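Asker: Can you read through this structure? Questions will come right after.
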Amino acid sequence: MNQNRLSRRNFLKSSAAIAAFVSAGSLAYSESPEVFNNAPVSPLKIPGWRRGHLHQHSFWSDGSATLEEACSLYRDAGYEFVVPSDHGRFQADTDKWFTPEGPKRAAYERGQSRYHFPMQTKEEGGKLQLRMRNFDELSALLNQEDRFLLIPGHELTTHGADGVQVHSNLINSRAEVTQELVDKLEGQAPAMYMSRKITGDKMSPHCSGHESVSWSLRAIKEMIGDTPKDEVFFMFNHPDWIWYDVQPEWLCEQPEIRFFELINCGPNFPGRPDFWTTEKFWDIINAFRADKNQPLIMGTATDDTHNYQRFYTDFETAAGGSVMVRCETLDAVDLMKALNRGDFYAAVGVWLNDVQFDKSTGTLAVDVHAEKGVNYKIDFIGTRRGFDKTFRTIDSPKEGRYPARKINVYSESVGEIFKTVEGTHAEYTMTDDDLYVRARITAMVSARCTMRGKPDHPSCWTQPVQK
Ligand SMILES: [Zn+2]
Ligand SMILES: [Zn+2]
5 MNQNRLSRRN FLKSSAAIAA FVSAGSLAYS ESPEVFNNAP VSPLKIPGWR RGHLHQHSFW
65 SDGSATLEEA CSLYRDAGYE FVVPSDHGRF QADTDKWFTP EGPKRAAYER GQSRYHFPMQ
125 TKEEGGKLQL RMRNFDELSA LLNQEDRFLL IPGHELTTHG ADGVQVHSNL INSRAEVTQE
185 LVDKLEGQAP AMYMSRKITG DKMSPHCSGH ESVSWSLRAI KEMIGDTPKD EVFFMFNHPD
245 WIWYDVQPEW LCEQPEIRFF ELINCGPNFP GRPDFWTTEK FWDIINAFRA DKNQPLIMGT
305 ATDDTHNYQR FYTDFETAAG GSVMVRCETL DAVDLMKALN RGDFYAAVGV WLNDVQFDKS
365 TGTLAVDVHA EKGVNYKIDF IGTRRGFDKT FRTIDSPKEG RYPARKINVY SESVGEIFKT
425 VEGTHAEYTM TDDDLYVRAR ITAMVSARCT MRGKPDHPSC WTQPVQK
């Protein structure tokens, strides 16, 4: 009777429960999604847009929540699609068990007290073990037509010998790093050290962090295989982690990398010195790429959620980073196509009714979905032809566990503010000198989102456009 003991108790707490639940010695059960989809917050409905979250972790890697809870919290916070992106693995196993201990046990109890998911459990050596629902089981449980969708993904890690880590999310793909893939890539020296959890200590890192960027790209391409490029989404994650690791010049050299995390509200980020911001990083890459007629890089916002405790202290402000995608249908392929087209903006607490770019006139126009009583500032930011390409190099000293780094600092001519408007609607018409332009919309109130890595004010960022 130990089996399912906990879950049975929680299950019985749920008065609306109608799922047939077979306990005591059998792992078979059936579930009815209606039981659990009691979302308290209606999704943010701005006609034509879908709010999504592209980066979060669960017990499948180093997150502190079941996948069930992790996704449900975002659903209940008004998101319409989420990507569970665990480190180094897609959640495919059908017989994966996990022992939540210490804080993770507390996190498990907390999640169950809110959601009462029937979990398959057993005890071994006096310890509770959970069977983890895999992605397909979870989708069957949580997906709701035109209301909520799980999209598969995972976070790939490559390590450089210099301590630099390169993380990237591969979204709407069930591919994962296998030993076979690592062997194949390793055969094309220099060796790399990829997704530690998969490769263990078998490989030693010989490549630099810089080389590791192109290795990540190569691995992603192998993993995508024949899937049409616009049906998967590849995002380069948190370039400032672990310590301003990724130099913008590396991404200038890799124009196939077209998306990166502009905002990562993850919990483990160092405070940024004034001279290093992901916005400046963004403009450096785009200035040099535009100068060479290469595709621009676009920005996303995520929470990179590992710890879900904040949803239990202030639910309203717990979720921060979002992508708002212009997509009529809540369909994974359609959403990926829209993202790949750049038909989205990155948001932390500011929403748009519309953003339009008229290529014939070079006019970028934004219309804010304004909150009553809040003032907005709209900045149009870009870089002009003939910008100053020189930089000075400064030392970022070793600090705690963060190694010393060298950082190139570029002039103000990279990422200039072309025009500022106070209000809820503004437009900017590009001149022939403008390489690209983008808009940043800021609410002139303090940020409600309290995570590290957050912007100081609620903000959103449209993608860069070119005439
Ligand atoms: Zn990461
Ligand atoms: Zn992550």
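Under the working numbering, residue 471 is the last one in the sequence shown; the count climbs by one each step, no gaps. Glycine included, C-beta positions come from ideal geometry on N, C-alpha and C. All figures in this text were calculated on a predicted structure; none of them were measured in a lab.
Go through its chain and collect everything with a Cβ distance to residue 315's Cβ below 6 Å, but skip five positions before and after it.
Answerer: The count along the sequence shown starts at 1 and reaches residue 315 at position 311. If we look at residue 315 and ignore the five residues flanking it on each side, its Cβ neighbours are 77 and 322.
Asker: So is the beta-carbon of residue 214 under 8 Å away from any non-hydrogen atom of ligand 1?
Answerer: Position 210 of the sequence shown, counted from the first residue, corresponds to residue 214. Answer for residue 214: no, Cβ out of range of ligand 1.
Asker: Per DSSP, residue 464 is paired with what?
Answerer: Residue numbering aside, residue 464 sits at position 460 when the sequence shown is read from its first letter. In the DSSP output, where bridge partners are listed per residue, residue 464 has 351 and 445.
Asker: Got a sec? Which residues, its chain only, sit under 7 Å from residue 444 by beta carbon, not counting five neighbours each side?
Answerer: Here the question's residue 444 lines up with position 440 in the sequence shown. So the qualifying residues of the chain are 383, 385, 463 and 465.
Asker: Please report the straight-line C-alpha distance between residue 350 and residue 126, rounded to a whole angstrom.
Answerer: Here residue 350 corresponds to residue number 346 of the sequence shown, with the count starting at 1. Here residue 126 corresponds to residue number 122 of the sequence shown, with the count starting at 1. Cα-Cα distance, rounded: 42 Å.
Asker: What do you reckon, are the CB atoms on residue 170 and residue 284 nearer than 9 Å?
Answerer: Indexing the sequence shown from 1 puts residue 170 at position 166. Indexing the sequence shown from 1 puts residue 284 at position 280. For residue 170 and residue 284, no; Cβs fall outside 9 Å.
Asker: With DSSP run on the structure shown, which of helix, strand or coil describes residue 88?
Answerer: Along the sequence shown, one-based indexing puts residue 88 at 84. Looking at residue 88 - three-state DSSP - the assignment turns out to be strand.
Asker: Is residue 175 helix, strand or coil by DSSP?
Answerer: As a working note, residue 175 is residue 171 in the sequence shown. Of the three classes helix, strand and coil, the one that applies to residue 175 here is strand, per DSSP.
Asker: Closer than 5 Å from C-beta to any heavy atom of ligand 2: which residues, in chain order?
Answerer: Listed along the chain, these residues meet the criterion: 159 and 308.
Asker: Leaving out five residues before and five after residue 467 in sequence, what residues of the same chain have Cβ atoms less than 6 Å from its Cβ?
Answerer: As a working mapping, residue 467 is identified with position 463 in the sequence shown. Only 302 and 346 meet the Cβ criterion.
Asker: Under the assumption that residue 336 contacts residue 224 (Cβ atoms under 8 Å), give the Cβ distance between them as a whole number of angstroms.
Answerer: As a position in the sequence shown, residue 336 is number 332, starting the count at 1. As a position in the sequence shown, residue 224 is number 220, starting the count at 1. Residue 336 to residue 224, Cβ: 18 Å. No contact.
Asker: For the alpha helix (DSSP H) holding residue 139, just list the boundary residues, first then last.
Answerer: Indexing the sequence shown from 1 puts residue 139 at position 135. First-last of the alpha helix (DSSP H) with residue 139: 139-146.
Asker: How many whole angstroms separate the CB atoms of residue 177 and residue 228, which I take to be in contact at a CB cut-off of 8 Å?
Answerer: Along the sequence shown, one-based indexing puts residue 177 at 173. Along the sequence shown, one-based indexing puts residue 228 at 224. That pair is a contact at about 6 Å.
Asker: With DSSP as the reference, label residue 127 as helix, strand or coil.
Answerer: Along the sequence shown, read from residue 1 onward, the residue named residue 127 stands at position 123. Reduced to three states, the DSSP call for residue 127 is strand.
Asker: Specify, as a first and last residue, the run of the beta strand (DSSP E) that residue 157 falls within.
Answerer: Taking the sequence shown and counting its residues from 1, the one referred to as residue 157 is at position 153. Where residue 157 is concerned, the enclosing beta strand (DSSP E) stretches over 157-163.
Asker: Take residue 253 as the anchor and find which of 74, 158, 293 and 220 has the nearest alpha-carbon.
Answerer: In the sequence shown, residue 253 corresponds to position 249, counting from 1. The candidate whose alpha carbon is nearest that of residue 253 is 293.
Asker: Any heavy atom of ligand 1 within a distance shorter than 8 Å of the CB on residue 161?
Answerer: Locating residue 161 in the sequence shown gives position 157, where the first residue counts as 1. Yes, Cβ of residue 161 sits closer than 8 Å to a heavy atom of ligand 1.
Asker: For the 8 Å Cβ check, are there 3 or more pairs between the segment 82-89 and the segment 46-65?
Answerer: Flag = yes, the segment 82-89 and the segment 46-65 touch.
Asker: What's the C-alpha gap between residue 115 and residue 70?
Answerer: One-based indexing of the sequence shown puts residue 115 at position 111. One-based indexing of the sequence shown puts residue 70 at position 66. Taking the straight line joining both Cα atoms gives about 8 Å.
Asker: In whole angstroms, give me the CA-to-CA distance for residue 111 and residue 138.
Answerer: Locating residue 111 in the sequence shown gives position 107, where the first residue counts as 1. Locating residue 138 in the sequence shown gives position 134, where the first residue counts as 1. Near 19 Å, if we compare the C-alpha coordinates of residue 138 and residue 111.
Asker: Taking the CB atoms as reference points, tell me whether residue 469 and residue 363 lie closer together than 9 Å.
Answerer: One-based indexing of the sequence shown puts residue 469 at position 465. One-based indexing of the sequence shown puts residue 363 at position 359. Yes, Cβ-Cβ distance for residue 469 and residue 363 is below 9 Å.
Asker: Report the residue ranges of all beta strand (DSSP E) runs contained in full by the segment 349-387; include only those spanning at least 3 residues, in chain order.
Answerer: Complete beta strand (DSSP E) runs here, min 3: 356-362 and 367-372.
Asker: Residue 286 and residue 263: beta carbons closer than 9 Å?
Answerer: Numbered from its first residue, the sequence shown carries residue 286 at position 282. Numbered from its first residue, the sequence shown carries residue 263 at position 259. No. Outside cutoff.
Asker: Does the pairing of the segment 243-259 with the segment 400-420 give three or more beta-carbon distances under 8 Å?
Answerer: Yes: the two stretches touch, three or more of their Cβ pairs being nearer than 8 Å.
Asker: Between the alpha carbons of residue 94 and residue 61, how many angstroms are there, rounded?
Answerer: Residue numbering aside, residue 94 sits at position 90 when the sequence shown is read from its first letter. Residue numbering aside, residue 61 sits at position 57 when the sequence shown is read from its first letter. Each residue's Cα considered, the two are about 11 Å apart.
Asker: Looking only at DSSP bridge pairs, what is residue 398 linked to?
Answerer: Your numbering for residue 398 matches position 394 in the sequence shown. 411, per the DSSP bridge assignment.
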